[in-house]
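S.K.: Numbering (this note's numbering), first residue to last: 144 to 464.
Virtual Cβ for every residue (Gly too), placed ideally from N, Cα, C.
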């Protein structure tokens with residue numbers, strides 16, 4: 144297990160911004176010093192004063208790019224493990240090729256309405272909810288000096304059991320997703336065959352942290368195909384199979400072993416083709432870093448490979464059962 148990083152004695156949410164050290168007036172100055180005659184938002188690509196990379200500026204006066212501005216002004220949880228992860232992802236987001244930003248933030252719990260319990264697993268509880276103002280957009284609002292939001296969005300909230308004093312390892316699901324996004328310079332919107340993530344919130348009643356992800360109205364593949372087998376064409380069934388292969392291939396290309404791959408962790412997107420999406424990377428591991436001493440068995444027994452039950456370690460091939 145990774146090093147334990149506890150919450151502060153005050154377990155209530157602390158909606159604080161990033162510590163700017165000696166630059167405490169940075170954000171105030173950034174949003175107040177622009178005069179109407181000044182062009183604060185030029186599209187020219189220059190070297191950012193913060194990250195030293197050539198990127199499109201969001202503010203010409205301070206010569207700061209969009210990812211750095213976002214990292215400096217994003218709301219945080221007050222938990223060191225989570226906040227360090229958020230800052231790391233945002234600071235390393237190089238959107239220069241696609242002019243897109245990675246969506247990751249801490250969201251206050253009161254931004255969610257109509258929260259309903261859906262299901263419970265071995266390590267978490269799943270809820271569906273309506274995110275009132277929705278995830279961040281990639282478009283900058285000149286007037287408000289902030290990024291626009293997409294508006295009311297239905298999402299799933301995955302509450303991690305006993306995560307009040309969360310450890311880095313418990314963010315594994317998010318790490319796998321965002322590491323891949325950053326490595327390939329994708330946006331969070333470009334992931335069509337694997338689940339999409341938006342950030343983290345915290346349940347004020349249990350103090351457990353919750354991962355914010357897509358909610359799939361059509362449910363998982365097991366329930367979808369049981370309900371729609373006879374009114375789904377074979378071409379559509381084969382398309383879903385290709386979607387699953389694509390999602391699994393994406394994980395394997397990153398040397399990630401899913402460890403809990405089954406029809407209940409493949410979700411169906413409500414779209415014209417009802418695309419299949421691979422999800423739940425919570426207990427996934429690196430095939431490179433996997434230890435021979437790790438003999439723990441995870442998942443649903445009928446879907447666990449025989450060689451794993453016999454004591455061998457998980458590999459890329461143990462999901463092919």
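What are the start and end residues of the beta strand (DSSP E) that includes residue 357?
M.R.: Residue numbering aside, residue 357 sits at position 214 when the chain shown is read from its first letter. Segment 352 to 357, the beta strand (DSSP E) holding residue 357.
S.K.: Note down, in chain order, each residue of its chain lying with its Cβ closer than 6 angstroms to the Cβ of residue 383, except the 5 sequence neighbours on either side.
M.R.: To locate residue 383, count along the chain shown from 1; it is residue 240. Answer for residue 383: 419, listed in chain order.
S.K.: Contact check, residue 321 vs residue 232 under 8 angstroms by CB: the rounded distance?
M.R.: By 1-based counting over the chain shown, the position of residue 321 is 178. By 1-based counting over the chain shown, the position of residue 232 is 89. Rounded, the Cβ-Cβ distance is 5 angstroms, consistent with contact.
S.K.: Could you have a look at residue 279 and say whether DSSP puts it in helix, strand or coil?
M.R.: The count along the chain shown starts at 1 and reaches residue 279 at position 136. It is a strand residue.
S.K.: Please work out which residues of its chain come closer than 8 angstroms, Cβ to Cβ, to residue 367, disregarding the five sequence neighbours upstream and downstream, and give them in chain order.
M.R.: Walking along the chain shown from the start, residue 367 turns up at place 224. Excluding sequence neighbours, residue 367 sits near 361, 411, 417.
S.K.: May I ask which residues mark the beginning and end of the beta strand (DSSP E) holding residue 409?
M.R.: The residue given as residue 409 occupies position 266 in the chain shown. Note, residue 409: beta strand (DSSP E), 409 to 411.
S.K.: Roughly how many angstroms lie between the CA atoms of residue 355 and residue 191, to the nearest whole one?
M.R.: The residue you call residue 355 lines up with position 212 of the chain shown. The residue you call residue 191 lines up with position 48 of the chain shown. Computed Cα separation, rounded: 30 angstroms.
S.K.: Helix, strand or coil: which one does DSSP assign to residue 367?
M.R.: As a working mapping, residue 367 is identified with position 224 in the chain shown. Three-state result, residue 367: helix.
S.K.: Just to confirm the assignment, what range does the beta strand (DSSP E) spanning residue 300 have?
M.R.: Within the chain shown, the letter at position 157 stands for residue 300. Taken as a continuous stretch (DSSP letters only), the beta strand (DSSP E) holding residue 300 covers 296 to 303.
S.K.: How close, in whole Å, do the beta carbons of residue 350 and residue 307 come, if the pair is a contact with beta carbons under 8 angstroms?
M.R.: The sequence position of residue 350 within the chain shown is 207, counting from 1. The sequence position of residue 307 within the chain shown is 164, counting from 1. With 8 angstroms as the limit, residue 350 and residue 307 qualify as a contact, their Cβ atoms being about 4 angstroms apart.
S.K.: Please report the distance separating the alpha-carbon of residue 275 from that of residue 379.
M.R.: As a position in the chain shown, residue 275 is number 132, starting the count at 1. As a position in the chain shown, residue 379 is number 236, starting the count at 1. Straight-line Cα distance between these residues: approximately 34 angstroms.
S.K.: What residue range is occupied by the uninterrupted beta strand (DSSP E) comprising residue 267?
M.R.: Here residue 267 refers to the residue found at position 124 of the chain shown. It spans 267 to 274 - the beta strand (DSSP E) in which residue 267 sits, taken as one unbroken run.
S.K.: Answer yes or no: do residue 260 and residue 254 have a C-beta to C-beta separation smaller than 8 angstroms?
M.R.: Working through the chain shown from its first residue, we reach residue 260 at position 117. Working through the chain shown from its first residue, we reach residue 254 at position 111. Not closer than 8 angstroms, so no.
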